[in-house]
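This report concerns only the one structure given below.
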Amino acid sequence: MTQIQPQPGILDIALYKGGASKIDGQDTVLKLSSNENPVGPSPKAIEAMAAEAAAMHRYPSTDHAELRGSIGEIHGLNPDRIICGVGSDEIITFLCQAYAGPGDEVLYTEHGFGMYKISALSVGATPVVAAERNRVVDVDLILEKVTDKTRLVFFANPANPTGTMIDMDEVARLADGLPESCLLILDGAYAEFVDGFDGGASLVDTRENVVMTRTFSKIYGLGGLRVGWGYAQRPIIDVLNRIRGPFNLSNMALAGATAAVRDQEFVEECRRINADERARLAGGLAQMGYPSDESHTNFILVRFADEATALAADAHLKASGIIPRLVAGYGFPNALRITVGTKPDVTLVLDVMSRFEAK
Ligand SMILES: *Cc1c(COP(=O)(O)O)cnc(C)c1O
11 MTQIQPQPGI LDIALYKGGA SKIDGQDTVL KLSSNENPVG PSPKAIEAMA
61 AEAAAMHRYP STDHAELRGS IGEIHGLNPD RIICGVGSDE IITFLCQAYA
111 GPGDEVLYTE HGFGMYKISA LSVGATPVVA AERNRVVDVD LILEKVTDKT
161 RLVFFANPAN PTGTMIDMDE VARLADGLPE SCLLILDGAY AEFVDGFDGG
211 ASLVDTRENV VMTRTFSKIY GLGGLRVGWG YAQRPIIDVL NRIRGPFNLS
261 NMALAGATAA VRDQEFVEEC RRINADERAR LAGGLAQMGY PSDESHTNFI
311 LVRFADEATA LAADAHLKAS GIIPRLVAGY GFPNALRITV GTKPDVTLVL
361 DVMSRFEAK
C-alpha cells in the first residue's frame, strides 16, 4: 500500500464541514447554519423540477444553452461568456485545475470561504493567506501577498462568514494591481442580497483577468440542486469548458435553475424579507449586547465577549432547537454565524437569546 500515494497536497486537505443540521434528542430543529433561504425555492422552480422527472431517461444538454440564455437575459450578460457548474464550488474547482498546479500560489483572505483552500490543495498548488482588516477584505493586504507565483486570487463580495463587503472601486484597484499572469475571482454567492449590485459583472466586461462566480444555492433556495455559474471573457470560458464534464448538470438541475432565474419576482420578495429580518435580528441582538458588523448577506456574524460565551450561546440556542454555525475554523472562536430566517424564526431567536445569561 505504501507505494500507492495520492498527488501532493491531497493529504493536507481537511474535510469540509457543512453547517450542522441535527441536534441529538430534538425532532424538529431550526437550521440557521448554512445560509439557506428559509422560504425555500421558488414554486415555479419546484414545478419545473417535478415536470422534468418523467424525462430522466434522457441525457441532459451538454451546453446548457437554455439556462445560460436565461441567466444572460435576466442579468444582461452575454451567454457565450457564462459557464454553469455543479454549484459555484465546481467553477472554483475548474479555475484551480485550469490555472494552478504545483509551485503556483492561490491567494485568499484570512476569513475566506473554505473551498478556496481545498481546491488549491487538490491541484497541488500552495495556498497563501492575506490578512483582513477588522473582518473586512483589504486590497493592500492582498497585494502585499502577491508574488510572481500567484495565479489566482479569490474573495467573496459580500463575504462569508463576515457579511461585509468592499466598494467596487477597491475591487477594480485590486484587479488592476495584479500581475498579468494572475486571475481575480469575485465570488458573488451573496450578490443578490445587495439591491442593484451586479456582483462585479461590469468589471469582467472591461478586464481580461477577472472572473465572477454566482450560485443558485443562496437567494434562490436551491442549495440541494447544486447549480452555480461563472462569468468571464471568452478565452477563460473556453478553457474551463474543456475540463467540464459534458453532463455535469442534470435535467432536473437545468430545469429548476432556469425556472428559478426567470422568477425574479420571487427573488425580489426574498431580498426584501431578508433585509427586514436581518435588521431585526442584528438590531435585537445588538441591544442585548451582542454586536455584529453591518451585513450585506443573509446571515450575521454575532460577536461575544470570548470563546466560552460563544460556545455557551451556541449550547443555549441548541437547547431550544436552533442551530447556528460555529466559525472558529474561519478565525472567529468568539462568534456565531446565524442565518437570517423568516419573521417567526427571527422572533424565536431573539426570544431565546433574551433568556441567555452570559457567565
Ligand atoms: C455558499 C457559498 C458558495 C456557494 O457554493 P455552491 O457550491 O454554489 O453551493 C460559494 N461561495 C461562498 C463564499 C459561499 O458562502
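Residues 11 to 369 in our numbering are what the sequence shown lists, from first letter to last.
By construction, the Cβ of each residue, glycine as well, lies at the ideal position given by its N, Cα and C atoms.
Query                                                                                                                          : Result
Cys106 to Phe366 span [Cα, whole Å]                                                                                            : 44 angstroms
Bounding residues of the beta strand (DSSP E) (the contiguous stretch that carries Asp197)                                     : Leu193 to Asp197
Closer than 5 angstroms: residues whose CB approaches a heavy atom of ligand 1                                                 : Gly97, Ser98, Asp99, Phe123, Ala166, Asn170, Asp197, Ala199, Thr225, Ser227 and Gly238
Distance between Leu327 and Ala63 (C-alpha atoms, nearest Å)                                                                   : 39 angstroms
Other residues of its chain near Asn219: CB distance less than 8 angstroms, five sequence neighbours each side excluded        : Ala185, Leu188, Glu190, Cys192, Leu193 and Leu194
First and last residue of the uninterrupted alpha helix (DSSP H) at Gly294                                                     : Gln274 to Gln297
Beta-carbon gap between Leu291 and Phe342 smaller than 8 angstroms                                                             : no
8 angstroms contact criterion, which Ala135 and Glu120 should meet: CB distance rounded                                        : Going by Cβ atoms, the distance from Ala135 to Glu120 rounds to 18 angstroms, so no, they are not a contact pair.
Boundaries of the alpha helix (DSSP H) in which Val221 is found, first to last residue                                         : First-last for Val221: Val220 to Thr225, but that is the beta strand (DSSP E), not the alpha helix (DSSP H).
Assigned secondary structure, Ile14 (DSSP; H/G/I helix, E/B strand, else coil)                                                 : coil
CA-to-CA distance, Phe104 to Gly95, given in whole angstroms                                                                   : 9 angstroms
Alpha-carbon to alpha-carbon, Gly113 and Ala65                                                                                 : 46 angstroms
Tyr340 to Pro137 span [Cα, whole Å]                                                                                            : 15 angstroms
Burial state of Lys127, where buried means 16 or more other Cβ atoms lie within 10 Å                                           : buried
Contacting residues, own chain, Cβ-Cβ under 6 angstroms from Lys41 (five flanking each side not counted)                       : Ser31 and Ile333
Counted within 10 angstroms of its Cβ, other Cβ atoms place Gly173 as buried (16 or more) or exposed                           : buried
Three-state secondary structure (DSSP) of Pro137                                                                               : strand
CB of Thr225 within 8 angstroms of CB of Ser80, strictly                                                                       : no
Rounded Cβ spacing between Thr352 and Phe309 (contact assumed at less than 8 angstroms)                                        : In fact, because the Cβ distance is near 14 angstroms, the residues do not count as touching under 8 angstroms.
Cα-Cα separation, Gly82 to Asn88                                                                                               : 6 angstroms
Buried versus exposed, by CB contacts within 10 Å (16 or more), Met298                                                         : exposed
Option in Asp90, Ala318, Thr72 and Asp22 with minimal Cα separation from Ala242                                                : Asp90
Proximity of Val356 and Ala345 at Cβ, strictly below 8 angstroms                                                               : no
Other residues of its chain near Ser71: CB distance less than 7 angstroms, five sequence neighbours each side excluded         : Leu264
For Asn167 and Gly198, believed in contact at Cβ under 8 angstroms, the rounded distance                                       : 7 angstroms
Distance between Val133 and Ala61 (C-alpha atoms, nearest Å)                                                                   : 39 angstroms
Beta-carbon proximity of Ile84 to Trp239, cut-off 8 angstroms                                                                  : no
Per DSSP, the bridge partner or partners of Ala75                                                                              : According to DSSP, which records beta bridges pairwise, Ala75 is partnered with nothing at all.
Element boundaries [beta strand (DSSP E), containing Thr157]                                                                   : Per DSSP, Thr157 belongs to no beta strand (DSSP E) and is neither H nor E.
Buried versus exposed, by CB contacts within 10 Å (16 or more), Thr307                                                         : buried
Residues of its chain near Glu57, where Cβ-Cβ distance is below 8 angstroms and the 5 sequence neighbours each way are ignored : Ala269
Coil, strand or helix - Val359 by DSSP                                                                                         : helix
Pick from Gly206, Ala329 and Asn261 that is closest to His67, judged by C-alpha positions                                      : Asn261
Simplified DSSP state of Arg252, which is helix, strand or coil                                                                : helix
CA nearest to the CA of Leu162, picked from Leu131, Gly35 and Leu77                                                            : Leu131
Pairwise C-alpha distance: Asp361 and Val116                                                                                   : 43 angstroms
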